[in-house]
Amino acid sequence: MRTAAISIFVAVNLCSAADFSGDWVAEVSARGVESQYARVHIGITGATLAGTWNQSQLEGSASGEHVSLMLTRSGSRIAILTGAASGNSLLGEGQMMTGGRGGGGQMEKVAWKLTRPAQRPAGAPRTIAFEPKEFHGYYAASIPPALHIFPGDTVSTRTYDGSGRDADKRTPGGNLENGPFYVEGALPGDTLVVKLNKVRLDRDSARQGSRINGRAVTPAYQASADYEATFDGEYKLDRAKGVATLAHPTARLKNFSVPILPMIGCIATAPPGEQSYRGTDLGPFGGNMDYNQMGEGVTLYLPVYHPGALLAMGDAHAAMGDGELTGSALETSVSVEFTVDIIPGIVSAGPRLENADYLMAMGIAGSVADSIQVATTQLAEWLKKDYKLSDSEVALVLGAVAKYDITELVDPQFNVVAKVPKSALKTLQ
Numbered sequence: 370m371r372t373a374a375i376s377i378f379v380a381v382n383l384c385s386a387a388d389f390s391g392d393w394v395a396e397v398s399a400r401g402v403e404s405q406y407a408r409v410h411i412g413i414t415g416a417t418l419a420g421t422w423n424q425s426q427l428e429g430s431a432s433g434e435h436v437s438l439m440l441t442r443s444g445s446r447i448a449i450l451t452g453a454a455s456g457n458s459l460l461g462e463g464q465m466m467t468g469g470r471g472g473g474g475q476m477e478k479v480a481w482k483l484t485r486p487a488q489r490p491a492g493a494p495r496t497i498a499f500e501p502k503e504f505h506g507y508y509a510a511s512i513p514p515a516l517h518i519f520p521g522d523t524v525s526t527r528t529y530d531g532s533g534r535d536a537d538k539r540t541p542g543g544n545l546e547n548g549p550f551y552v553e554g555a556l557p558g559d560t561l562v563v564k565l566n567k568v569r570l571d572r573d574s575a576r577q578g579s580r581i582n583g584r585a586v587t588p589a590y591q592a593s594a595d596y597e598a599t600f601d602g603e604y605k606l607d608r609a610k611g612v613a614t615l616a617h618p619t620a621r622l623k624n625f626s627v628p629i630l631p632m633i634g635c636i637a638t639a640p641p642g643e644q645s646y647r648g649t650d651l652g653p654f655g656g657n658m659d660y661n662q663m664g665e666g667v668t669l670y671l672p673v674y675h676p677g678a679l680l681a682m683g684d685a686h687a688a689m690g691d692g693e694l695t696g697s698a699l700e701t702s703v704s705v706e707f708t709v710d711i712i713p714g715i716v717s718a719g720p721r722l723e724n725a726d727y728l729m730a731m732g733i734a735g736s737v738a739d740s741i742q743v744a745t746t747q748l749a750e751w752l753k754k755d756y757k758l759s760d761s762e763v764a765l766v767l768g769a770v771a772k773y774d775i776t777e778l779v780d781p782q783f784n785v786v787a788k789v790p791k792s793a794l795k796t797l798q
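The number in this note's numbering is simply the position in the sequence shown, starting from 1, with 369 added.
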């Protein structure tokens with residue numbers, strides 16, 4: 370998506386200049402190019418208009434039903450648009466400069482539209498109990514929103530496990546996702562903030578695979594492994610004690626137990642454009658990240674590619690070793706409570722997260738080596754921006770205290786997390 374600043378002249382038919390004041394959301398589209406969005410604020414003093422269009426300055430005048438607007442940045446005007454009021458919206462066509470700021474590009478035909486942002490319901494941010502009626506086995510902007518929420522709202526809901534089961538039902542499976550949740554005010558180029566307040570088991574059973582994925586072992590081991598066709602990977606979950614044990618253990622595993630650490634395998638925003646990915650996929654939008662620290666108390670940061678972000682989540686686990694070596698964790702279902710927020714105008718290359726102890730950046734790519742590079746780069750950029758460190762300072766800090774987790778080895782892409790302890794950052798000035 371292009372994020373270059375634009376300068377716009379608009380002539381619009383209006384019934385009243387006063388109706389044009391306040392906040393708007395702009396959408397500008399051109400043939401073959403994904404729409405661009407902007408937050409617009411217009412103030413009116415007499416017949417004079419002034420305001421902002423993202424980081425650009427807006428000025429103009431009103432005369433009867435017509436309005437002229439000029440949007441400038443760095444003193445350059447690079448578009449001319451005309452249009453008219455239509456209900457509560459303003460829309461029209463025009464020409465916009467591309468390829469440079471003032472004289473360096475070419476004008477192209479565009480369509481534009483201004484709409485009023487949704488108004489938050491009166492009162493404090495809401496807490497909403499949401500009972501899902503549908504689950505979806507893919508990520509895409511074409512899926513209709515299941516619920517509209519606002520920044521600051523908290524949602525209590527539930528998930529299926531990766532095989533499509535919850536406490537009461539069984540479905541065909543495929544990492545079915547709850548949502549999508551439309552977050553009012555989220556625009557492409559923003560960051561969606563998702564805080565996981567609660568992730569709690571809602572049943573007493575889980576199931577895990579019992580064959581190591583071929584990506585994690587040598588071809589020789591894979592060829593010679595003699596796996597038992599009837600081996601039983603079902604677990605009993607003792608929620609009171611916080612321990613998982615095998616429901617039908619072999620003699621050697623009768624005392625084997627796993628500490629319960631509930632997590633959500635899949636959390637995503639809708640991927641860019643018209644792309645559609647299966648529930649088992651992962652990418653810069655998130656998805657099937659399968660990080661065993663994606664549990665209660667974590668705050669996740671995801672890029673926004675579409676208005677509303679279209680947040681989805683599912684694929685809960687009672688526990689999981691690094692890499693999800695058997696292609697499945699202790700698959701179960703959970704109740705989850707999350708709170709959303711927006712960081713406007715700032716977006717990262719992929720998912721980032723933090724908890725009480727670490728800042729963490731994900732590297733999702735086609736190999737472990739590439740994943741390490743993506744994760745390290747994203748973590749370095751985070752430290753440069755938020756802690757105002759130079760490249761040399763970032764190198765020293767990461768070289769001394771960085772850690773890596775291999776979170777996903779068995780899905781279409783690999784995922785590696787680069788992280789730095791917050792304790793090491795407390796001394797930074």
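Quick reminder that beta carbons are idealized off the backbone N, C-alpha and C, glycines included. Remember, it's a predicted structure, so these values are computed and weren't measured experimentally.
Rounded separation between residue i and residue j - CA only
i           : j           : result
residue 450 : residue 464 : 6 Å
residue 772 : residue 628 : 22 Å
residue 805 : residue 747 : For residue 805 there is no data in the structure shown, the boundaries of the chain being 370 and 798.
residue 591 : residue 583 : 6 Å
residue 712 : residue 556 : 10 Å
residue 625 : residue 515 : 41 Å
residue 422 : residue 457 : 19 Å
residue 403 : residue 448 : 17 Å
residue 784 : residue 481 : 39 Å
residue 567 : residue 630 : 12 Å
residue 716 : residue 562 : 11 Å
residue 666 : residue 588 : 39 Å
residue 530 : residue 623 : 25 Å
residue 637 : residue 559 : 14 Å
residue 500 : residue 527 : 7 Å
residue 657 : residue 768 : 29 Å
residue 650 : residue 679 : 16 Å
residue 485 : residue 393 : 5 Å
residue 502 : residue 548 : 9 Å
residue 797 : residue 791 : 10 Å
residue 413 : residue 513 : 37 Å
residue 774 : residue 479 : 46 Å
residue 787 : residue 728 : 8 Å
residue 606 : residue 574 : 5 Å
residue 723 : residue 609 : 27 Å
residue 383 : residue 770 : Confidence at residue 383 is low in this model, with a pLDDT of 44, below 50, so its placement is unreliable and the value that follows should be read with caution. Looking at the two C-alpha atoms, the distance is approximately 60 Å.
residue 401 : residue 427 : 27 Å
residue 446 : residue 476 : 12 Å
residue 600 : residue 766 : 46 Å
Contact set for residue i: own chain, Cβ-Cβ below 6 Å, skip 5 residues either direction
i           : result
residue 720 : 655, 671 and 731
residue 496 : 523
residue 758 : 752
residue 415 : none
residue 749 : 763
residue 395 : 407, 409 and 483
residue 689 : 661 and 698
Proximity below 8 Å, CB of residue i to CB of residue j
i           : j           : result
residue 619 : residue 604 : no
residue 633 : residue 681 : no
residue 442 : residue 455 : no
residue 701 : residue 572 : yes
residue 602 : residue 576 : yes
residue 440 : residue 430 : no
residue 756 : residue 694 : no
residue 595 : residue 776 : no
residue 437 : residue 411 : no
residue 696 : residue 779 : yes
residue 639 : residue 510 : yes
Opening and closing residue of the alpha helix (DSSP H) in which residue i lies
i           : result
residue 396 : Run containing residue 396: none in the alpha helix (DSSP H); it sits in the beta strand (DSSP E), 391-399.
residue 857 : This structure does not reach residue 857, given that the chain is present from 370 up to 798, and the question cannot be answered.
residue 424 : Note, residue 424: premise wrong, no alpha helix (DSSP H); not H, not E.
residue 755 : 737-756
residue 590 : 588-593
Contacts around residue i, its chain only, beta-carbon distance under 8 Å, and the 5 residues preceding and following it disregarded
i           : result
residue 518 : 495, 497, 524, 550, 551, 552, 553 and 709
residue 648 : 505, 506, 507, 508, 543, 544, 545, 546, 635, 656, 657, 683 and 684
residue 664 : 565, 568, 630, 631, 632 and 633
residue 736 : 783
Min CB distance residue i to chain C below 8 Å
i           : result
residue 754 : The chain inventory of the structure shown lacks chain C, comprising one protein chain alone.
Delimiting residues of the beta strand (DSSP E) encompassing residue i
i           : result
residue 452 : 448-455
residue 478 : 475-484
residue 511 : Element bounds for residue 511: n/a, residue is neither H nor E.
residue 793 : Note, residue 793: premise wrong, no beta strand (DSSP E); alpha helix (DSSP H) at 791-794.
residue 661 : Unbroken run through residue 661: none, as it is neither H nor E.
residue 711 : 703-712
Beta-carbon proximity list for residue i, same chain, < 7 Å, skipping 5 on both sides
i           : result
residue 734 : 740, 743, 782 and 783
Proximity test, residue i beta-carbon vs the ligand FAD heavy atom, cut-off 7 Å
i           : result
residue 750 : Judged by which ligands are present, the structure shown has none, so any question about the ligand FAD falls away.
Query raised in the report: Touch check for the stretch 736-743 and the stretch 674-688: three-plus C-beta pairs under 8 Å?
Result: At 8 Å Cβ cutoff, the stretches do not touch.
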